[in-house]
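Comments concern the structure below.
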Amino acid sequence: MEKTSPEWGNPQPCGHARVQEIMRWMLPLAVLCSSLLSLPGKDTDTYDPLEVKDSVIESRTLEVVDAGRGRTLPVRVYLPGTWKAAPVILFSHGLGGSRDNNPYLGNHWASRGYVVVFIQHPGSDESVWKDTSAPQRLGKMREAASAKNLLLRIKDVPVVIDTLTKWNAEKDHPLHDRLDLKNLGMSGHSFGAVTTQAVSGQSIVGGRLSFTESRLSAAVMFSPSPAKLADPATVFAAIRIPCLLMTGTLDTSPVGNMTAEDRLKVFPCLTKAPAWQVVFDKATHMSFGDRDLKGDSGEGNRYHKPILAITTAFWDAHLRKNIAAKEWLNHRGARSVLADKDRWEMNALAKPGL
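Numbering-wise (numbering that gives the first Met the number 0), the sequence shown opens with residue 0 and increments by one.
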């Protein structure tokens with residue numbers, strides 16, 4: 000028997016047939032709703048990671064003293080103009096660098112409301128080459144790129160976090176109440192990227208040691224490096240925090256004989272963490288630094304704009320939980336600041352809806 004619908008004036012199927020009829024109408028509707036939910040919202044149209052929100056930046060040089068290891072770490076802290084507690088980003092320099100490297104990152108991230116702490120690592124910093132003649136520098140740099148210095152660097156990171164926590168609580172300290180250490184990011188270039196990889200979860204020394212820093216919420220690696228003494232899939236398996244990797248098609252290094260192809264081996268091994276990667280066309284190892292490169296046409300390093308835009312959106316998405324920033328990353332935003340031949344990719348865990 001069939002009933003007549005007073006609204007439609009048509010017979011309505013009963014029982015199983017009725018359920019099938021409902022499902023026939025609801026399935027397309029569900030697909031449509033899902034598609035609409037995955038589209039960028041209106042906020043994405045106005046989100047701009049290059050907008051300078053705070054032009055008043057304060058920079059301080061401080062020292063972190065690790066009495067237990069007899070080690071003093073120079074740091075440079077970039078502070079936004081606002082006095083409320085802000086998310087914190089740590090940066091680890093490359094081999095032969097210092098706390099004064101990459102100010103373009105420190106200034107922009109701070110202008111976006113982050114406290115940025117550049118750590119200097121004695122033993123693998125500028126002291127390696129400063130008083131060395133040019134012919135001897137490469138040899139000295141290779142000596143400094145040691146497992147010993149990597150371990151020193153890795154152990155520097157929790158000491159810095161502990162000290163920042165202490166300073167944040169001291170009423171007479173200039174950083175008092177200015178640090179939101181519950182939203183903490185880690186970043187680094189080259190040897191600093193290896194340092195970042197290790198504290199983010201990568202095991203080292205052939206996969207036998209792990210120094211995961213549980214207080215980190217997200218990580219950015221400029222010029223990442225794969226594990227050469229162990230199975231890459233195994234050593235990167237413990238990384239669980241969101242990661243952004245940046246490299247270039249000419250990103251090689253004579254120290255460690257690293258090729259551009261080697262740097263691409265990290266991304267596919269991040270199977271347990273949301274991960275994004277940029278491969279800049281013709282970018283070299285030094286493209287992530289501050290100096291203009293040979294051949295630049297007076298406009299400065301062309302990679303800096305997309306570096307600042309994409310890293311800022313990444314930090315906003317994961318240290319501020321900004322939905323518009325996440326949509327900007329996952330839809331057209333990131334692609335819009337890249338050149339045609341630059342490569343932008345994300346893994347399955349980073350894709351919308353997952």
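Glycine residues also receive a C-beta, built at the ideal position from the N, C-alpha and C atoms.
In this text the structure is predicted, and so the values were computed from the model without any measurement.
Rounded to whole angstroms, the separation of the alpha carbons of E326 and D171 is 41 Å. Shortest Cα-Cα distance from L174 to any of L180, K181 and W166 involves W166.
Pairwise C-beta distances place the stretch 99-119 out of contact with the stretch 127-140, as fewer than three of them are shorter than 8 Å.
In this structure, the straight-line span from the alpha carbon of E50 to that of A312 is close to 11 Å.
The criterion of a C-beta distance shorter than 8 Å is satisfied by A349 and A274.
W82 counts as exposed, since fewer than 16 other beta carbons sit within 10 angstroms of its beta carbon. Between the stretch 142-162 and the stretch 192-201, the count of Cβ pairs shorter than 8 Å is three or higher; the stretches touch.
Minimum Cα-Cα distance from F235 among the listed residues L269, T246 and L228 corresponds to L269. Within the same chain, L89, L180, L183, E212 and R214 come within 8 Å of I160 by CB-CB distance, once the 5 residues on both sides are set aside. Using a Cβ-Cβ distance cut-off of 8 Å, the stretch 249-258 and the stretch 303-317 are not in contact, since fewer than three pairs of beta carbons, one from each stretch, lie closer than that value. DSSP places H107 inside the alpha helix (DSSP H), whose first and last residues are P102 to S110.
Taking C-beta separations shorter than 6 Å and ignoring five residues to either side along the sequence, the partners of V115 in its chain run Y77, I88, G105, W108 and A109, following chain order. Burial is judged here by how many other beta carbons sit within 10 angstroms of a residue's own beta carbon; D124 has at least 16 and is buried.
Counting every other CB atom within 10 Å of its CB across the protein chains shown gives P134 a total below 16, marking it as exposed. Around the beta carbon of D130, fewer than 16 other beta carbons lie within 10 angstroms, which makes this residue exposed. Burial state of V336 is buried, judged by a 10 Å Cβ sphere holding 16 or more other Cβ atoms.
In the three-state DSSP reduction, D341 falls in the coil class, being neither helix nor strand.
Cα atoms of L149 and D289: separation of roughly 24 Å, rounded to the nearest angstrom. Runs of the alpha helix (DSSP H) lying entirely within the stretch 162-199 and spanning at least 4 residues, in chain order: 190-199. For L137, the enclosing alpha helix (DSSP H) begins and ends at A133 to A143.
Boundaries around P231 are those of the alpha helix (DSSP H), P231 to V234, since no beta strand (DSSP E) includes it. In this model, H120 and P102 are separated by some 17 Å (Cα to Cα). Annotation: the continuous beta strand (DSSP E) that includes A217 extends over A217 to F221.
Here the C-alpha atom of S202 lies approximately 17 Å from the C-alpha atom of V219. By the neighbour-count criterion, in which 16 or more other beta carbons inside 10 Å mark a residue as buried, D339 falls on the exposed side.
Buried is the label assigned to S286, since at least 16 other Cβ atoms lie within 10 Å of its Cβ. For N329, same chain residues with a beta-carbon under 6 Å away, outside a window of 5 residues either side, are P351 in chain order.
If you draw a straight line from the Cα of L151 to the Cα of G69, it is about 12 Å long.
Inter-residue distance for A226 and L178 is about 33 Å (C-alpha atoms, whole angstroms).
If you draw a straight line from the Cα of M185 to the Cα of T310, it comes to about 12 Å. Per DSSP, K350 lies in no beta strand (DSSP E) and is assigned neither H nor E. Partner residues in a beta bridge of A323, as assigned by DSSP, do not exist. Straight-line measurement puts the Cα of V55 at about 5 Å from the Cα of G80. If you look at E260, you'll find it in the alpha helix (DSSP H) that goes A259 to R262. A straight-line Cα-Cα distance of about 23 Å links A229 and Q276.
Per DSSP, the beta bridge partners of A85 are L178.
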